[in-house]
Amino acid sequence: MPELPEVETIRRGLEQLLLGREFAGVEVFYHGSLKSPSVEELQQKLPGRRVAGIERRGKYLLLNLHDGTILVIHLRMTGKLVFSRVAASGQKHLHLIFSFADGSCLAFSDIRKFGTIWWLPKECLVELKGISSLGPEPLSADFHFPYLDRELEKRTVNIKALLLNQQFLAGLGNIYVDEILHRACVLPGRSSRSLTRTERLALFAAIRSVLEEAIVKRGTTVSDYRDAAGSAGSFQEELQVYGRRNQPCRRCGQTIERKVVAGRGTHFCPLCQR
DNA sequence: AGCAGGACCTGATGGC
DNA sequence: TGCCATCAGGTCCTGC
Numbered sequence: 003m004p005e006l007p008e009v010e011t012i013r014r015g016l017e018q019l020l021l022g023r024e025f026a027g028v029e030v031f032y033h034g035s036l037k038s039p040s041v042e043e044l045q046q047k048l049p050g051r052r053v054a055g056i057e058r059r060g061k062y063l064l065l066n067l068h069d070g071t072i073l074v075i076h077l078r079m080t081g082k083l084v085f086s087r088v089a090a091s092g093q094k095h096l097h098l099i100f101s102f103a104d105g106s107c108l109a110f111s112d113i114r115k116f117g118t119i120w121w122l123p124k125e126c127l128v129e130l131k132g133i134s135s136l137g138p139e140p141l142s143a144d145f146h147f148p149y150l151d152r153e154l155e156k157r158t159v160n161i162k163a164l165l166l167n168q169q170f171l172a173g174l175g176n177i178y179v180d181e182i183l184h185r186a187c188v189l190p191g192r193s194s195r196s197l198t199r200t201e202r203l204a205l206f207a208a209i210r211s212v213l214e215e216a217i218v219k220r221g222t223t224v225s226d227y228r229d230a231a232g233s234a235g236s237f238q239e240e241l242q243v244y245g246r247r248n249q250p251c252r253r254c255g256q257t258i259e260r261k262v263v264a265g266r267g268t269h270f271c272p273l274c275q276r
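The working numbering applies: residue 3 is where the first sequence begins, and numbers increase by one.
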């Protein structure tokens, strides 16, 4: 599932592949992917516009076009963006293809059809509630210890649910939350405000270090994640708890357990996480 | 307001 | 073998 490190890896790939390219057309096979505008309006108005820059906000990809409009893409769980130098077709679950003036294209496919695309003027970005309500970027200066400390104090939910909340912090998903809590030695069911100062400091450091290392490894490929060039990531080899139920903890040897916390499959070490 | 739980989807897996 | 139920998870929506 693409979380922050995967989306950042895709962003970097797309930046190499798409910058300056001019849109020539769009084919839409599954209309549910395109939230706005209509297929007709997109097909009519997108051609001729060029890619000027690619940003990421949380798990959202933002393709800035030279005329001040933005293509916003969210891959949700199984969405994929794959660039090809020649026209692509025939692949399964293909929902939309952007073609460029030089004959290359960007294909959007998604097994579960949850992924979404918007095209809108930059000033309308605030109307996308999912983006405008996002919390700070975990790797930016906006995310600092006093913020984490304050939020932990005022929330009543368990720490797993808080870390999954995009309005608290943008970009974390199920895999990295489990890994972060293991690194910080904190059990996922603990209430946010119960964390000691030592644990809060460890959590702050773990959020940053796990994400940074995962970006270096170009993300985690558990089932079908691929970057924009079609390559898998390698952080799955570094996972300490996620997907390791009944296997020994790499830190203390205790058997990794799995239970549902905050409605999500949650992996943890019952001995070295407290 | 904050929080919990269901809905949206399809493919993989397991039980019978 | 085939059928059915269950599970996977990001975000939005509803209701408490």
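Where a beta carbon is used, it is the ideal one built from N, C-alpha and C, also for glycine.
For clarity, every value in this text was computed on a predicted model and none was experimentally measured.
Quick check on the burial criterion: 16 or more other C-beta atoms within 10 angstroms. Buried or exposed for residue i?
i, result
"Asp112", "buried"
"Lys162", "buried"
"Gln275", "buried"
"Glu57", "exposed"
"Val263", "buried"
"Asp229", "buried"
"Thr118", "buried"
"Ala103", "exposed"
"Ser135", "exposed"
"Gly235", "buried"
"Leu21", "exposed"
"Thr11", "buried"
"Val218", "exposed"
"His76", "buried"
"Gly105", "exposed"
"His68", "exposed"
Quick one: Cα of residue i to Cα of residue j, how far?
i, j, result
"Lys261", "Thr268", "5 Å"
"Lys1", "Leu98", "Residue 1 is absent from the model: the chain starts at 3 and stops at 276."
"Arg192", "Thr223", "28 Å"
"Glu240", "Glu42", "45 Å"
"Ala89", "Gln168", "36 Å"
"Gly60", "Asp144", "13 Å"
"Glu215", "Arg52", "33 Å"
"Leu154", "Leu197", "8 Å"
"Val212", "Glu181", "7 Å"
"Leu36", "Asn248", "41 Å"
"Lys115", "Leu96", "10 Å"
"Arg220", "Gly175", "16 Å"
"Ala109", "Tyr178", "27 Å"
"Gln238", "Arg152", "32 Å"
"Leu64", "Val74", "5 Å"
"Leu273", "Lys131", "40 Å"
"Val84", "Leu166", "27 Å"
"Gln242", "Pro190", "14 Å"
"Ser101", "Gly50", "11 Å"
"Gly173", "Glu139", "7 Å"
"Leu44", "Lys124", "16 Å"
"His256", "Ala186", "The question names His, yet the displayed sequence has Gln at residue 256. The straight-line gap from Cα to Cα measures roughly 16 Å."
"Glu129", "Gly70", "16 Å"
"Arg13", "Ala207", "24 Å"
"Gln18", "Gly27", "21 Å"
"Phe170", "Leu16", "27 Å"
"Arg157", "Ile209", "18 Å"
"Ile258", "Arg195", "25 Å"
"Arg87", "Cys107", "6 Å"
Can you tell me which residues form a DSSP beta bridge with residue i?
i, result
"Lys261", "Thr268"
"Ala109", "Val84, Ile99"
"Ser233", "In the DSSP output, where bridge partners are listed per residue, Ser233 has none listed."
"Leu122", "Ile72"
"Pro250", "Thr257"
"Phe31", "The partner list for Phe31 (beta bridge, DSSP) is empty, contrary to what the question assumes."
"Ser193", "Asn160"
"Glu24", "Arg52"
Closer than 6 Å: is that where the CB of residue i sits relative to any heavy atom of the ligand MG?
i, result
"Thr257", "As far as ligands go, the structure on display features none, and thus does not contain the ligand MG."
**OP:** Taking only runs that begin and end inside the segment 35-74, name each unbroken alpha helix (DSSP H) of 4 or more residues, in chain order.
**Re:** 41-47
**OP:** Tell me, please, whether the segment 4-19 touches the segment 27-44 by the rule of three or more beta-carbon pairs shorter than 8 Å.
**Re:** By the C-beta criterion, the segment 4-19 is judged not to be in contact with the segment 27-44, since fewer than 3 inter-stretch pairs fall below 8 Å.
Original post:
Would you say the segment 224-244 touches the segment 66-84, given that touching needs at least three Cβ pairs under 8 Å?
Top reply: Yes: the two stretches touch, three or more of their Cβ pairs being nearer than 8 Å.
Subject >> Contact between the segment 128-147 and the segment 194-213 (3+ Cβ pairs under 8 Å) >> reply: A contact exists between the segment 128-147 and the segment 194-213.
**OP:** May I have a chain-ordered list of the beta strand (DSSP E) segments no shorter than 3 residues that lie completely inside the segment 133-165?
**Re:** Listed in chain order, there is nothing to give.
Subject >> Inside the segment 171-228 only - alpha helix (DSSP H) runs reaching at least 4 residues >> reply: The DSSP assignment places 176-185, 199-218 as complete runs of the alpha helix (DSSP H) inside the segment 171-228, in order along the chain (cut-off: 4 residues).
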